[in-house]
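Below is one structure, written out as structure tokens, with a few remarks after it.
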Amino acid sequence: MSEIPEHLLKRSKAAKSKASGNEAGQSSAAESPASESTDVAAASAGAAEVPTSPPVADLPYLDPEPEPERQTPEYIAAFNKRKRIPFWAMPVVLATPVWAYGLAGTLQQPMVEDPLVEEAAEIYTAAGCSACHGAAGGGGIGYQLSDGEVLETFPEAIDMIVHVARGSSAINGEVYGAERADGNQRISGQRGNMPAQLDALSLEELELVIYHERVNLGGEDVSDERGEEWAEHVREGIESGAETEIDLEFLLACANPDQTPGATGELQGSEETRCPGPLPVAEAE
Ligand code: HEC
């Protein structure tokens with residue numbers, strides 16, 4: 004008796020049709036009188052036309068449970084269908100922003116303006132230096148700066164920084180700078196008036212414009228370690244957005260007394276304060 008009895012198949016069929024609202028199953032159940040009381044009896048009878056099912060046994064099917072799927076709200080179904088990121092891909096997903104950021108960095112590198120070039124040139128023009136010293140530093144009302152000229156006067160940037168900050172009239176008639184190639188030293192005011200920049204520029208801007216005159220126009224070599232460190236210092240200064248007021252006393256404490264009137268040089272190589280310009284030679288090594 005491995006076969007499913009015919010009546011059971013019919014009953015299940017009838018139940019299904021009832022569940023789907025088909026009246027046929029019900030009417031067939033009504034037609035058949037309650038002659039057969041149990042399934043067992045029906046099975047033993049083995050008749051093909053056995054009533055499909057007794058009403059009592061049918062009760063559970065009268066009110067079929069609504070199918071669960073139909074109740075699933077749209078959004079839950081949508082969530083279930085949605086493709087999800089497999090767990091093993093998570094490291095990739097999480098690392099993507101970092102990677103993208105890095106890529107964007109490399110892609111933009113050539114487009115980003117270097118303050119040591121663009122901003123330096125802008126300040127050189129905006130502060131009026133170019134009007135008196137020439138756009139390329141070739142000289143005019145003021146001395147020529149290009150072709151190493153300004154480097155002859157100021158072997159170290161710090162002394163040039165002081166001179167530009169306080170201007171020429173503050174030390175009128177005094178000797179300043181190093182001995183130049185022709186054996187002479189500059190005498191302040193001999194050529195004209197170099198206007199003070201104390202109130203015109205921030206310390207960061209001053210150092211940047213000095214960098215421009217010495218490196219971009221004057222041809223100073225900053226490819227060594229000391230020069231690179233200074234370039235980075237200047238770049239960081241301007242990129243920080245800081246606008247430090249120029250403190251002449253501080254600058255004089257950094258400058259070389261042999262070349263800058265009023266300088267003490269006592270802060271040179273100080274551990275607490277970084278003087279503008281490249282680090283002292285001994286320190287950079
Ligand atoms: C109004 C014109 C004028 C402007 C603007 C000007 N300078 Fe000068 N600069 C001069 C004159 C004139 C001298 C020479 C002064 C003297 O005789 O002592 C000079 C001297 C200098 C020197 C000394 C050079 C040497 O070899 O002795 C430097 C460095 C310098 N200027 C840098 C600058 C910078 C940087 C700026 C812009 C922030 C600037 N100057 C703006 C006219 C000007």
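Position one of the sequence shown corresponds to residue 4 (this note's numbering), numbered consecutively onward.
We put the beta carbon where it would ideally sit given N, CA and C, even for glycine.
Please read all numbers here as calculations on a predicted model, not as lab measurements.
{"Check": "What three-state label does DSSP hand Ile144 in the structure shown?", "Outcome": "coil"}
{"Check": "Report yes if the C-beta of Gly145 is less than 7 Å from at least one heavy atom of the ligand HEC; otherwise report no.", "Outcome": "yes"}
{"Check": "Taking just the CA atoms, how far does Gly105 sit from Ala81?", "Outcome": "35 Å"}
{"Check": "On the three-state DSSP scale, how would you describe Arg189?", "Outcome": "strand"}
{"Check": "Under 7 Å from any heavy atom of the ligand HEC, does the C-beta of His136 make it?", "Outcome": "yes"}
{"Check": "Measuring from the CB of Asn196, is there a heavy atom of the ligand HEC at a distance below 7 Å?", "Outcome": "yes"}
{"Check": "Since Leu220 and Ser171 are thought to touch, with beta carbons under 8 Å apart, how far apart are those beta carbons, to the nearest angstrom?", "Outcome": "19 Å between Cβ atoms; not a contact."}
{"Check": "Using DSSP with H/G/I as helix, E/B as strand and the rest coil, what is Val115?", "Outcome": "coil"}
{"Check": "Please check the pair Gly180 and Gln193, which I expect to be a contact at CB under 8 Å, by giving their CB distance rounded to whole angstroms.", "Outcome": "Not quite, the Cβ-Cβ distance comes to about 12 Å (not below 8 Å), so this is no contact."}
{"Check": "According to the neighbour-count rule (16 or more other Cβ atoms, all chains shown, within 10 Å of its Cβ), is Ile164 buried or exposed?", "Outcome": "buried"}
{"Check": "Can you check DSSP and say which residues form a bridge with Tyr343?", "Outcome": "Here the chain has residues from 4 to 288 only, and residue 343 is not among them."}
{"Check": "Is it buried or exposed, Leu254, if we count other Cβ atoms within 10 angstroms and call 16 or more buried?", "Outcome": "buried"}
{"Check": "Here's the rule: buried if 16 or more other CB atoms are within 10 angstroms of the residue's CB, otherwise exposed. What is Ala285?", "Outcome": "exposed"}
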